[in-house]
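In what follows, a single structure is set out as structure tokens and then discussed.
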Amino acid sequence: MTFFQVAKHGRAVSLKRMMRNPAPRSVVPATKPLDDAAAPVREILIHLRTRNGLSADRLRSTEIDIGRLEQLSIVRRYFHLSQIDASDTGSAPPTIEQSVEAVIRLAAQHLPPTDRLIADAALCLRMFDGTAPAGIDLTKLYAIKLSSRRSYLELRWRQLHTALHVIDVPPPATVRTLRDSREAKALNTLAELLVSGRVSIPTARDTVTIVGDAVVDQLHRIELIPRPGTSVWGDISRHPGGKGLNRAVALARLGLDARLLAVIGNDEEGRSIQGHLMDQRVDTSLLDVRETRTPVTTGLLTPNSEPAYIASRKVVPVDLDSPVNRRAIADSKAVVLTFEQPQEVIEQLLKYVGELKNSQAAAPWLIVNISPPREVSDSLQRHLSAVDYLVGSSNDLRGLRATDSVADVIEWLIDGGNGVRAVCSIDDTRCAVRRFDGWATEAEITPPEVLGSAGAASAFSAALTQRLVTLGSEAGADDFAWAMAAVAARPPTAGVSAAMPSAGQIEKAALTQSRL
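For the sequence shown, the UniProt record's numbering assigns the number 1 to the initial residue and increments by one for each residue that follows.
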């Protein structure tokens, strides 16, 4: 049993509650006041300041509904990374309540000094534990009663500010002003920080954010496609899928910090997707759970053909106005985009990444997978220069400009004033790459492995992305050969995501390819 299975089926009752009855989103589009999202979080913090304040033990036993805190993206992010670290080191993983406590303490460190001191005393965060300033009695600062903590904060106001290196100490707050207004103001600022995305959880892994879909693949295995008016026998299997999900799993298998930005429903299918992603070590903190149905993709598979899929057009767009999502994209080493999202979302993402490339030195790589294909509109064309690697089959490329040949489309993307840095055309057993500076290469799989088969493009894109973020430079011939080896390394399995290879499997396949 993996640690994610332990989290879901063991003691983490609160995590099960998160997956069963997810709270409404704690981050709203930037067009709405941030306080709309912060207000319910602030109210929980205000209730938690009573008695001995906030602690994991109290969170486990309190009658206060802390679902909003557990559902905060930053809390889920911390919980995920801590579970990964615990699994890798063999240590005990934190509970979700311990994660809430740790995240609130971390966020409080980013508050202005006065608000930090007020929040520390109100919630009994014990931020001075181990580093008590001279003349400060921590047993009084962190007393069991809130009234005692307020009195001591008023008494030692100047000393505590001096401990935080404040030169111009503001007039002291009184017990009355703390109770009536100052604590609520400080806790509101803390709540805004928690929902804003401005506080990051550090990780040693390279982070990749995938913007795509997460669906349930329903595969019908049949002897032949039935003619109108007839029926055939078949077997049906269901498993988590989607181009975004498959790439997220593939990247996690390669040891990257993979974060999937997608929308799922608050239903059984959505919960199965969450559980699958957690088992595969994919960060689900950006998943947006809504009161809708999780999309289902239907596949038809006959004995002598690749699956043919019927995708749902009812893909709910991700929220790229969310400050949490925008911060996640900006902090990533690479962003992988698939074309299931509505046109306006694709345009918005390309525009935002383009702005990052123009404003910060360490902007993320942008790898765009043009499946399912769509014709490039004038508004989308204006933002193509943000794309580093555009990946698709010949049919996908033709879909971008229906009147042109594949060669003309590639020429138009790179040299037609659109600024795409590289185009990867993948067909049958071969990948052809052309870059903006004239460099080109080809890679091929022997014996034949159909690149158009289910999961092949996901394995290829993930392996290419892994090389880009690991090496930090443009991909070369060896990198594309390695990405092709990832296609050959996929074991036969019922589910696409389950077939995504590890780095060791790719290395083995690459060695085999080199000997053929």
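Glycine included, C-beta positions come from ideal geometry on N, C-alpha and C.
- Task: Going by CA-CA distance only, name the one from E340, K333 and I370 that's closest to A361.
- Result: For the purposes of this step, residue 361 is taken as the residue at position 361 of the sequence shown. It is K333.
- Check whether the Cβ atoms of V324 and I74 lie closer than 9 Å to each other. The sequence position of residue 324 within the sequence shown is 324, counting from 1. The sequence position of residue 74 within the sequence shown is 74, counting from 1. Yes, these two residues count as a Cβ contact at 9 Å.
- Message: Quick check on the burial criterion: 16 or more other C-beta atoms within 10 angstroms. Buried or exposed for K243?
- Response: Locating residue 243 in the sequence shown gives position 243, counting from the first residue. It counts as buried.
- Going by DSSP, name the residue or residues bridged to Q218. By one-based count along the sequence shown, residue 218 stands at place 218. Looking at the DSSP assignment, Q218 forms a beta bridge with R238 and T298.
- Task: Assign S14 to one of three DSSP states: helix, strand, or coil.
- Result: Within the sequence shown, the letter at position 14 stands for residue 14. Its pLDDT being 42, under 50, S14 is placed unreliably in this model, and the coordinates cannot settle the point.
- Message: If I follow the unbroken alpha helix (DSSP H) through V324, where does it start and stop?
- Response: Residue 324 sits at position 324 when you count from the first residue of the sequence shown. If you look at V324, you'll find it in the alpha helix (DSSP H) that goes P323 to A330.
- Message: Less than 6 Å between C-beta atoms, sequence neighbours within five positions excluded: which residues of the same chain meet that for I64?
- Response: Position 64 of the sequence shown, counted from the start, is the residue given in the question as residue 64. Closer than 6 Å at the Cβ level, and outside the excluded window around I64, lie H47.
- Item | Among I445, M484, L193 and A402, nearest to P463 - alpha-carbon criterion | Residue mapping note: residue 463 aligns to position 463 of the sequence shown, counting from 1. In the sequence as displayed, the identity of residue 463 is Ala instead of Pro. Taking the Cα of A463 as reference, the smallest distance to any Cα among I445, M484, L193 and A402 is reached at M484.
- Message: Between the alpha carbons of P133 and Q159, how many angstroms are there, rounded?
- Response: As a first step, residue 133 is located in the sequence shown; it is residue number 133 there, counting from the start. As a first step, residue 159 is located in the sequence shown; it is residue number 159 there, counting from the start. C-alpha separation (whole angstroms): 8 Å.
- Query: Hey, how far is the Cα of M127 from the Cα of A163?
  - Reply: Position 127 of the sequence shown, counted from the first residue, corresponds to residue 127. Position 163 of the sequence shown, counted from the first residue, corresponds to residue 163. So the alpha carbons of these two residues sit roughly 12 Å apart.
- Are the beta-carbon atoms belonging to S99 and S87 less than 9 Å from one another? Stepping through the sequence shown from its first residue, residue 99 is reached at position 99. Stepping through the sequence shown from its first residue, residue 87 is reached at position 87. No, the pair does not count as a contact, with Cβ atoms beyond the cut-off.
- Straight-line gap, T209 to A143 (C-alpha atoms, nearest Å): As a working note, residue 209 is residue 209 in the sequence shown. As a working note, residue 143 is residue 143 in the sequence shown. Between T209 and A143, the C-alpha separation is close to 43 Å.
- Would the region 335-350 and the region 367-378 be scored as touching if the rule is three or more Cβ pairs under 8 Å? Yes, the region 335-350 touches the region 367-378.
- Report yes if the CB atom of A459 is closer than 9 Å to the CB atom of A250, and no otherwise. Locating residue 459 in the sequence shown gives position 459, where the first residue counts as 1. Locating residue 250 in the sequence shown gives position 250, where the first residue counts as 1. Contact check for A459 against A250 passes: the beta carbons are separated by less than 9 Å.
- Message: Tell me which residues share the same chain as A107 and place their Cβ nearer than 7 Å to its Cβ, disregarding the 5 neighbours each side in the sequence.
- Response: As a first step, residue 107 is located in the sequence shown; it is residue number 107 there, counting from the start. Around A107: L190, L193, L194 and V199.
- Who are the Cβ neighbours of W365 in its own chain at under 8 Å, not counting the five residues just before and after it? Reading the sequence shown from its first residue, position 365 is the one you call residue 365. Here the set comprises K333, A334, V335, D388, Y389, T465, L468 and V469.
- C-alpha gap between S502 and A252, whole angstroms: On the sequence shown, residue 502 is found 502 positions in, with the first residue counted as 1. On the sequence shown, residue 252 is found 252 positions in, with the first residue counted as 1. Their backbone Cα atoms lie some 9 Å apart in a straight line.
- Would you call the region 296-311 and the region 276-285 touching, i.e. three or more CB-CB distances under 8 Å? Between the region 296-311 and the region 276-285 there are fewer than three inter-stretch CB-CB distances shorter than 8 Å, so the stretches are not counted as touching.
- By Cβ distance below 7 Å, which residues in the same chain neighbour A386 in space, the five residues on each side in sequence not counted? Counted from its first residue, the sequence shown places residue 386 at position 386. Taken in chain order, the residues that qualify are L350, V353, G354, K357 and L366.
- Message: Measuring only the C-alpha atoms, how far is R60 from R221?
- Response: What you label residue 60 is simply residue 60 of the sequence shown in a count that begins at 1. What you label residue 221 is simply residue 221 of the sequence shown in a count that begins at 1. Rounded to the nearest whole angstrom, the C-alpha separation of R60 and R221 is 47 Å.
- Item | W439 - DSSP class collapsed to helix/strand/coil | Taking the sequence shown and counting its residues from 1, one reaches residue 439 at position 439. W439 falls in the coil class under three-state DSSP.
- Could you check which residue in A102, P171 and I167 has the C-alpha nearest to that of L153? In the sequence shown, the residue the question calls residue 153 occupies position 153. Among A102, P171 and I167, the Cα nearest to that of L153 is on P171.
- In the region 401-489, which residue ranges form an unbroken alpha helix (DSSP H) of at least 4 residues, counting only runs that do not cross its ends? As far as the region 401-489 is concerned, its whole alpha helix (DSSP H) runs of at least 4 residues are 406-415, 456-471 and 477-488.
- Tell me the start and end of each unbroken beta strand (DSSP E) in the region 98-169 that is at least 3 residues and wholly inside, in chain order. Complete beta strand (DSSP E) runs here, min 3: none at all.
- Task: Consult DSSP for A503 and reduce its assignment to one of helix, strand or coil.
- Result: Stepping through the sequence shown from its first residue, residue 503 is reached at position 503. Looking at A503 - three-state DSSP - the assignment turns out to be helix.
- Task: Apply the 10 Å Cβ neighbour rule to N21 and answer buried if 16 or more other Cβ atoms are within range, or exposed otherwise.
- Result: In the sequence shown, counting from the first residue as 1, residue 21 sits at position 21. Only weak support exists for where N21 lies, its pLDDT of 40 falling under 50; the value from the coordinates is given anyway. Burial call: exposed.
- Helix or strand or just coil, what does DSSP make of T512? Against the sequence shown, residue 512 aligns to sequence position 512. Per DSSP, reduced to three states, the secondary structure at T512 is helical.
- Assign L187 to buried or exposed, taking buried as 16 or more other Cβ atoms, counted over all protein chains shown, within 10 Å of its Cβ. Counting from one through the sequence shown, the residue named residue 187 turns up at place 187. Result: buried.
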